[in-house]
Amino acid sequence: MKPIFILGVARSGTNLLARVLNRNPSVTVALDPFQPLFRSLRNALVAFHAPERIRRWFSPTTPFQDFYFHPDGPILLDIMLSGEAGFPLGNEELSILQPKIAERAALESPELARRLRTLEGEDYAQLLWNGFNIIAGMSPRTMWAGCKEVWIVDFLPLLARAFPQARFYFIERDPRAIVASLLALSRKDPTQAAHVPSYLRHWRKNIALTRRFQADPVLCKRFTLVSYEQFVAEPSSVAMRICDELGIEFSPAMLELTADGWRGNSSFNHEGRDIYTHTVNRWREILPEQVVQAADFLCGPEMMLTNYQPAAEPSPEKALSFIMEANKNPGSWRSDNADLSVDFGGELIRHFFLQSNEIHDEQLIRRCFLFCDTLQKIRRAGR
1 MKPIFILGVA RSGTNLLARV LNRNPSVTVA LDPFQPLFRS LRNALVAFHA
51 PERIRRWFSP TTPFQDFYFH PDGPILLDIM LSGEAGFPLG NEELSILQPK
101 IAERAALESP ELARRLRTLE GEDYAQLLWN GFNIIAGMSP RTMWAGCKEV
151 WIVDFLPLLA RAFPQARFYF IERDPRAIVA SLLALSRKDP TQAAHVPSYL
201 RHWRKNIALT RRFQADPVLC KRFTLVSYEQ FVAEPSSVAM RICDELGIEF
251 SPAMLELTAD GWRGNSSFNH EGRDIYTHTV NRWREILPEQ VVQAADFLCG
301 PEMMLTNYQP AAEPSPEKAL SFIMEANKNP GSWRSDNADL SVDFGGELIR
351 HFFLQSNEIH DEQLIRRCFL FCDTLQKIRR AGR
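Anchor point for the sequence shown: position 291 equals 291 in my numbering, and the numbering is continuous, going up by one each time.
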């Protein structure tokens, strides 16, 4: 058995990709069971590696971070990227994680949840490996077993070191389509509401990171970027390519998602259909101009590293107006600094960097773009 990870931003199509692969008898993918484990590992990394001044303010309940604009953001990001999964697990932490992992797994599979309640491991890597073995045991022909998780792309180098045979698939979707899906879901279920600016900041963080993974001579051999738009337009072609990478046989039945009774994960009404393209550009019809302007203002620079383009020249005033409104009701979580002057001031500095080559403050560049080479790539793409 070899590990497989399906990663991405929530509402980006991760469920769709995971379910397609899961219909292959050689692949077993669990949906989101290990978020408590990754949060615990994040906290352990910070507790062990972060300077004391960071440990004093950092809360274990902090959502997964986007790392923008905070003075300690680059330090925390580097801790995640250079971390290791071999931290020992005390009995107390294990006893806390077992029911939390089972509870997450129960949302999709009560049987998997039952098996995960006895999950054991002396450290985080072993705990995750044992979890994969339990997942593999759900199907007798499993060659690849793993999980679909959101918000954890910064753990990818750590996971690659811990599991040398693992493969990673990251699904990428237009940020405005993600926001349209999020807002539609929030209207149907207000408990699912979240902070749209934080979603957009995570989206661009993922662009910065995945482009580094693609350029890494070691990681690039095990990392595949999947375009959501291409996947729904050419599902057979994309699924065949992934099967070829995994060394397994493609079956058309992989695309027959409704055969298992799945009703879809779209925020819109597409029940009874397998894979569809109708939602690819729906954001153009339903998103208010102010929301589009905010998405383009926050994500426009990183869009230059993708096939997406801003709908129009973004207006800072309209973006600010939307962010102020979003801040009034951030929903269940947010990952920004919760300080408008810091967050929007940082956005303005980002755009200033794109207009000028005169500032060479590496720390400020990293707070605005996470990596200096991300800014350089954006500048080259914009020429």
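The beta-carbon is built from N, C-alpha and C at its ideal position, and this holds for glycine as well.
- When C-alpha distances from Val196 are compared across Ala10, Asn133, Met1 and Phe5, the shortest belongs to Ala10.
- Under the criterion of beta carbons closer than 8 Å, Tyr124 and Leu219 do not qualify as touching, at roughly 20 Å.
- One alpha carbon belongs to His70, the other to Arg367, and they sit about 7 Å apart.
- Counting only the Cα atoms, Asp66 lies some 39 Å from Pro140.
- Pairing Ala44 with Phe87 gives a Cβ-Cβ distance under 7 Å.
- Beta-bridge partners of Trp144 (DSSP): Lys2 and Val27.
- Distance from the CA of Arg241 to the CA of Asn307, rounded to the nearest whole angstrom, comes to 20 Å.
- Under the three-state reduction of DSSP, Leu119 is assigned to coil, being neither helix nor strand.
- For Leu31, the CB contacts under 7 Å within the same chain, skipping 5 residues up- and downstream, are Asn15, Ala18, Glu108 and Lys148 in chain order.
- Judged by DSSP secondary structure, Glu172 falls within the beta strand (DSSP E) whose first and last residues are Arg167 to Glu172.
- Here the C-alpha atom of Ser335 lies approximately 29 Å from the C-alpha atom of Gln230.
- Residue state for Thr224 is assigned as strand, using DSSP reduced to three classes.
- Counting only unbroken stretches of 3 or more residues, the beta strand (DSSP E) elements lying wholly within the stretch 15-84 are 27-31, in sequence order.
- For Leu89, the three-state secondary structure derived from DSSP is coil.
- When the five nearest sequence neighbours on each side are left out, the beta carbons in the same chain lying within less than 7 Å of the beta carbon of Ala239 are those of Val20, Phe250, Met254 and Leu255, in order along the chain.
- Non-local beta-carbon contacts of Asp174 in its own chain, meaning distances under 6 Å to residues more than five positions away in sequence, involve Tyr308 in chain order.
- DSSP, reduced to helix, strand and coil, places Val292 within a helical segment of the structure shown.
- Taken in chain order, the stretch 179-207 contains no complete alpha helix (DSSP H) segment of 4 residues or longer.
- By the C-beta criterion, the stretch 152-171 is judged to be in contact with the stretch 80-95, since at least 3 inter-stretch pairs fall below 8 Å.
- Rounded to whole angstroms, the separation of the alpha carbons of Ser236 and Ser59 is 44 Å.
- Distances from the alpha-carbon of Phe170 to those of Arg350, Asp154, Thr258 and Leu185 put Asp154 closest.
- According to the DSSP secondary-structure assignment, Leu7 is paired through a beta bridge with Glu149 and Phe170.
- For Val342, the enclosing alpha helix (DSSP H) has its first and last residue at Leu340 to Gln355.
- Shown here for Trp333: same chain residues with a beta carbon closer than 8 Å to its own, the five before and five after excluded, namely Pro63, Ala194, His195 and Ser198 in chain order.
- About 5 Å separates the Cβ atoms of Phe132 and Ala145, confirming a contact at the 8 Å cut-off.
- When the beta-carbon positions are compared, Asn130 and Gly137 stay at least 7 Å from each other.
- Ala215 counts as exposed, since fewer than 16 other C-beta atoms from the protein chains shown sit within 10 angstroms of its C-beta.
- C-alpha of Ile96 to C-alpha of Thr142: approximately 29 Å in a straight line.
- In this structure, Arg104 lies away from Ile134, with their beta-carbon atoms at least 7 Å apart.
- In the structure shown, the three-state DSSP call for Met138 is coil.
- Per DSSP, Asp373 is one residue of the alpha helix (DSSP H) stretching across Cys372 to Ala381.
- By the Cβ-count criterion, Gly13 is buried, with 16 or more other Cβ atoms from all chains shown falling within 10 Å of its own Cβ.
- Counting only residues of its own chain and dropping the five nearest sequence neighbours on each side, Thr28 has a CB closer than 7 Å to the CB of Asn22, Ile135, Ala136, Met138, Ser139, Thr142 and Ala145.
- Under the three-state reduction of DSSP, Gly331 is assigned to coil, being neither helix nor strand.
- Restricting attention to Leu41, Phe34 and Asp72, the CA atom closest to the CA of Glu52 is found in Asp72.
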